[in-house]
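Right, one structure below, let's go through it.
Number of protein chains: 2
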Amino acid sequence: MPGEFDFIQRYLSNRQVNRKDVHLSLGDDCAIVKAPDNVRIALSTDTLVAGTHFLSNANPAWVAHKALASNLSDLAAMGATPAWVSLALTLPEMDEAWLAPFCDTFFELANYYHVQLIGGDTTRGPLSMTLTVQGFIPENTALLRSGAKVGDWIFVTGELGDSKAGLDVILDNSLSTKPFASELEKRHYIATPRIVVGQALLPHASAAVDISDGLIADLRHILSRSGVGASIDVSQLPFSPELLAYCGDENVARQYALTSGEEYELCFTVPAAQRKTVENALAHTGTKVTCIGQIRPQGVFELHDKGRAVDWQLTGYDHFKA
Amino acid sequence: MPGEFDFIQRYLSNRQVNRKDVHLSLGDDCAIVKAPDNVRIALSTDTLVAGTHFLSNANPAWVAHKALASNLSDLAAMGATPAWVSLALTLPEMDEAWLAPFCDTFFELANYYHVQLIGGDTTRGPLSMTLTVQGFIPENTALLRSGAKVGDWIFVTGELGDSKAGLDVILDNSLSTKPFASELEKRHYIATPRIVVGQALLPHASAAVDISDGLIADLRHILSRSGVGASIDVSQLPFSPELLAYCGDENVARQYALTSGEEYELCFTVPAAQRKTVENALAHTGTKVTCIGQIRPQGVFELHDKGRAVDWQLTGYDHFKA
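Those protein sequence lines, which keep their order, are chains A and B. Take the first sequence: its letters are residues 1 to 322, numbered as in full-length UniProt numbering. Take the second sequence: its letters are residues 1 to 322, numbered as in full-length UniProt numbering.
The following block contains the structure:
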């Protein structure tokens, strides 16, 4: 891209300390990097499109956070340590008022996780961005979706449901007078990738996934890849007091927790014999974790409230409607 | 992306033989790969947006070729051996008539270069795609833009100018009756990434770049990064007989060769003492290479026709107009 778009490339340069494993970042045909000899590389790619994953008029700082955090969350779900990111940014026009807060937040978050921008492209077109993050995992270990066994306990990090409530508010302005509406809107964009939890789980958990499509949908990825079923105690689902105030009803909040997408919390399974070890290891991370159920034989999928079956008709999480 | 977009993910799966260094490709939160211990990784990211880099109604097979070939060309310009690619594809709707030829050509080209698709995302939105390719280079070697020295010879691969003529035809249908118009249109999309040439140049060339913005513009990248100037003999510029027929005039064809972008040929510099070695090494690749000039001290930039100065007002290469 000639002309004004050169500015963007310059805007993206020299915002970070160089990692020692990055030998060349921007300014040539390729970046050149080197992974340590004893690791494998975990890689994830995500695209965010205006109108599909965020509104065009969304706070650009929040969009930057969401874009990078959602990608880092995929690394977290593998237990990987983040290293490098490439950013392909498509913009309708060169708009410094948009770019400045976007880049500030992007680099703040990248630096926090010691992730270096090693490549990118800036093009003119409808607003969207594609990020590819890479991180390291020790050889012969990884948190896969395929390792859950019958009897394993099912855990989630953090609190669930806020993201869906925030999306409600974003899509229907009349909801903005509901309790904590603006706080929930912000939480829709500002998630914390559970990198440290993923690393702590690496030697212990049998399976893990990050919650991007909703707890039920993402847990089903574990179940189908592992060939097992599950039983979930909805009374254990963790949600925030703000979500409860917003929903006004505990069971509505629980349904939000089950279906809310783009949470970027982790859902993971732990063999019974490892449960105490995992809880001790996670206590050091300062992240709340909650046991919400147990793995059952294939074909079983039950929701219950302290043993009493519940029969909720749950709808999926559809990002923004087209 | 729920529902129909799952189809796309399935469409992209199982189209390739697994590389031994890919431990996990699609289907989990991340791909897991391992680079050989004695290499560095070269990485490049490019976005192609409908309306900016190709027309929405362009042949999807050609678009796939252009997207992957232009990325591989960046690896070629570093002398890297391609290994992995991730593809983030944004589509307005699930259109099998578009996807089938796109994917067929994408995997045909990927398999030819032994590149495995290891990640991706499919989203709904305005048609665009972002690819990130990665390849290997031996430690302590790379074809950078910064190594050209005064006296080095300047070479280009292949023939130049066809891509710009093809773009003329794409943008102005009234030109479709000119000689070889449809052949030149196809050549705009179908370039050959010069992977083998890049590898052969790795021990010998002092600098290299791939021609995406036009020979003059890309050569200037070498000159500015190397702190040198250049003298180009326009009488040596290689162009096709089809371009000459299309242009109807040798000097017009030469001007096309100087400014045509998205050629994906290589421009590289070779120390005088290495010239014979390089020409011998490249003879084995079967790729035409032409010496078009010589590196001069910084500040010098001259175009001449066998010693007679030419003063052409050259315009840059602007992809598609917005």
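All C-beta atoms, glycine included, are put in the ideal place defined by N, C-alpha and C.
Buried versus exposed call for residue i [16 or more other C-beta atoms within 10 Å across all chains shown]
i                      : result
residue 65 of chain A  : buried
residue 112 of chain A : exposed
residue 2 of chain A   : The pLDDT assigned to residue 2 of chain A is 43, lower than 50, so where the model puts this residue is not dependable; a value taken from the coordinates is nonetheless given after this. Looking at its Cβ environment, which holds fewer than 16 other Cβ atoms inside 10 Å, residue 2 of chain A is exposed.
residue 308 of chain B : exposed
residue 37 of chain B  : exposed
residue 52 of chain A  : buried
residue 312 of chain B : exposed
residue 298 of chain A : exposed
residue 97 of chain A  : exposed
residue 10 of chain A  : exposed
residue 59 of chain B  : buried
residue 240 of chain A : buried
residue 17 of chain A  : exposed
residue 89 of chain B  : buried
residue 314 of chain B : exposed
residue 110 of chain A : buried
residue 303 of chain A : buried
residue 85 of chain B  : buried
residue 27 of chain B  : exposed
residue 277 of chain B : exposed
residue 92 of chain B  : exposed
residue 139 of chain B : exposed
residue 322 of chain B : Interpretation of residue 322 of chain B is limited by its pLDDT of 34, a score under 50 that renders its predicted location unreliable; the figure taken from the coordinates is listed afterwards. Label assigned to residue 322 of chain B: exposed.
residue 306 of chain B : exposed
Residues that residue i bridges to, as DSSP identifies them
i                      : result
residue 84 of chain B  : B:116 and B:134
residue 153 of chain B : B:270 and B:294
residue 301 of chain B : B:230
residue 209 of chain A : A:267
residue 309 of chain B : B:304
residue 124 of chain A : A:91
residue 24 of chain B  : B:32
residue 289 of chain A : A:157
Proximity winner among the options, relative to residue i (alpha-carbon distances)
i                      : options                       : result
residue 260 of chain A : A:233, A:42 and A:214         : A:214
residue 238 of chain A : A:252, A:230, A:134 and A:228 : A:252
residue 103 of chain A : A:12, A:86 and A:295          : A:12
residue 116 of chain A : A:191, A:137 and A:20         : A:20
residue 283 of chain A : A:196, A:163 and A:262        : A:196
residue 354 of chain B : B:254, B:124, B:289 and B:87  : The first residue shown for chain B is 1 and the last is 322, placing residue 354 of chain B beyond what the model contains.
residue 235 of chain A : A:250, A:227 and A:242        : A:250
residue 166 of chain A : A:95, A:149, A:186 and A:152  : A:186
residue 29 of chain A  : B:63, B:143 and B:30          : B:143
residue 145 of chain B : B:164, B:92 and B:77          : B:77
residue 74 of chain B  : B:15, B:136 and B:94          : B:136
residue 204 of chain A : A:285, A:310 and A:271        : A:271
residue 133 of chain A : B:266, B:301, B:173 and B:44  : B:44
residue 15 of chain A  : A:305, A:108 and A:92         : A:108
residue 189 of chain A : A:168, A:27 and A:201         : A:168
residue 121 of chain B : A:47, A:276, A:289 and A:152  : A:47
residue 274 of chain B : B:296, B:255, B:149 and B:57  : B:149
residue 23 of chain A  : B:141, B:49, B:61 and B:35    : B:141
residue 262 of chain A : A:184, A:206, A:306 and A:227 : A:184
residue 200 of chain B : B:257, B:289 and B:254        : B:289
residue 227 of chain B : B:296, B:286 and B:79         : B:296
residue 182 of chain B : B:170, B:191, B:192 and B:202 : B:170
residue 119 of chain A : A:33, A:61 and A:202          : A:33
residue 54 of chain A  : B:123, B:83 and B:72          : B:123
residue 266 of chain A : A:79, A:25, A:50 and A:61     : A:79
residue 61 of chain A  : A:191, A:25, A:81 and A:114   : A:191
residue 151 of chain B : B:310, B:291, B:306 and B:94  : B:291
Minimum length 4: unbroken alpha helix (DSSP H) runs contained in the region 27-94 of chain B = Scanning the region 27-94 of chain B for uninterrupted alpha helix (DSSP H) segments of 4 residues or longer gives 60-78, listed from N- to C-terminal end.
Tell me, please, whether the region 237-257 of chain B touches the region 178-191 of chain B by the rule of three or more beta-carbon pairs shorter than 8 Å.
-> yes
Does the count of Cβ pairs from the region 155-163 of chain A and the region 27-44 of chain A closer than 8 Å reach three?
-> no
Inspect the CB distances between the region 85-101 of chain A and the region 210-225 of chain A and report whether three or more fall short of 8 Å.
-> No, the region 85-101 of chain A is not in contact with the region 210-225 of chain A.
For the region 205-213 of chain B against the region 229-238 of chain B, are there 3 or more C-beta pairs whose distance is under 8 Å?
-> Taking a cut-off of 8 Å for Cβ pairs, the region 205-213 of chain B and the region 229-238 of chain B do not touch, as fewer than three such pairs fall below it.
Do three or more CB pairs link the region 119-127 of chain A to the region 65-77 of chain A at distances below 8 Å?
-> no
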